[in-house]
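Written out below as structure tokens is the structure these notes cover.
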Amino acid sequence: MGRSGASFLAKMAPDDFKLADVFSYGSLVHAVAGAMGSMTAMTVFFPLDTARLRLQVDEQRKARSTPAVLAEIVKEEGLLAPYRGWFPVICSLCCSNFVYFYCFHSLKATWLRGQRSTPGKDLIIGIVAGVVNVLLTTPLWVVNTRLKLQGAKFRNANVQPTQYHGIMDALVQIVQREGVGALWNGTFPSLLLVLNPGVQFMIYEALKRQLRRGVLRELSSVEAFLIGAVAKAVATTVTYPLQTVQSILRFGQHRQPTEQSKLLNSLRSVTYLLINRVRRSGVQGLFKGLEAKLLQTVLTAALMFLLYEKITAATFRAMGVKQRVPSR
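Each residue of the sequence shown is one higher than the one before, counting from 1 in full-length UniProt numbering.
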């Protein structure tokens, strides 16, 4: 981590650690606003995520434009098929974003203590918050990936159908049939993918500081939407190949190697899936579904950040709480 990482660890030392910074009203407001904003945005653009996931997991489905993929899904599986698995995704997203936003702003308050933030500090805080989020919420994402793809008509004949009756039933069946460890399928690429929200928040906070230029003011709707879109577009493009591997592992259809070391198993699985994609479809195979992912994730993130900023500002105004300028 270098000097910034060492400084962060020093700030988090027990003798300098204040619970008030972690369990603060401000962190709770940011967490609730982030969760509400992400749930609303995902609901609006959910069909785009359905198209992206099908292209990632179903290797036999041809890469086409997002409208064409959605038209195929509706024709083959019904009008509501693009919204299959909406409830578990929204539940997972709510928990995940609550944890991430809470950790991000709590760590930021604990580390900065009135100092001005920098892109490097934002990146480190974003990565740490991402690791905490992955370890706590991966089981929910494994379940929602399975439920989202249940009943889908795959081009790949090797995909085994599943029969889950909701989130709890899926959790129980996965543990009984595959073991507790299966709930953390895809954790290794997910830990690598903490760079995604880390880069996203680093760019977002940096652009936000540039727009404010040291003056605490509420971002306009257009500003929040645009910088949220730019931040997510960059982060998604850089990390997309790992997101594809993550989806395949969460789906549970890939046979894991039999080495005893779980870390080695995970590393070999990620390497194998990446190389296999390149062999079958070339380098472009690593980015199959990127159009749908960018369309969905950029619009979702942009709307999420817009709603997050508005909900946060409105809550602080209503409660008469002033935000601290230095942390921005």
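C-beta: ideal position from N, C-alpha, C; glycine also.
Taking 8 Å as the upper bound for CB-CB distance, leucine 53 and serine 247 are in contact here, some 6 Å apart. For serine 220, the three-state secondary structure derived from DSSP is coil. For serine 106, the enclosing alpha helix (DSSP H) has its first and last residue at 86-112. With 16 or more other Cβ atoms from the protein chains shown falling within 10 Å of its own Cβ, serine 117 counts as buried.
For histidine 165, there is no enclosing alpha helix (DSSP H), as DSSP marks it with neither H nor E. Nearest C-alpha to threonine 237 among Arg209, Val222 and Gln296: Gln296. Rounded to whole angstroms, the separation of the alpha carbons of leucine 135 and phenylalanine 98 is 14 Å.
Taken atom to atom, the span from the alpha-carbon of leucine 219 to that of glycine 37 is near 15 Å.
With respect to the 7 Å criterion, alanine 33 and isoleucine 311 are classified as neighbours on the basis of their beta carbons. Secondary structure note for aspartate 122: its alpha helix (DSSP H) is the uninterrupted segment 119-149.
Of all alpha-carbon atoms in Arg317, Gln284 and Asn133, the one lying nearest the alpha-carbon of glutamine 56 is that of Gln284.
In this structure, the CA atom of alanine 302 is about 35 Å from the CA atom of valine 172. In this structure, serine 92 sits near asparagine 144, with a CB-CB distance shorter than 7 Å. Proximity to alanine 109 across Leu28, Ile90 and Lys148 peaks at Leu28, based on C-alpha coordinates. Here proline 67 is exposed. Its C-beta has fewer than 16 other C-beta atoms within 10 Å.
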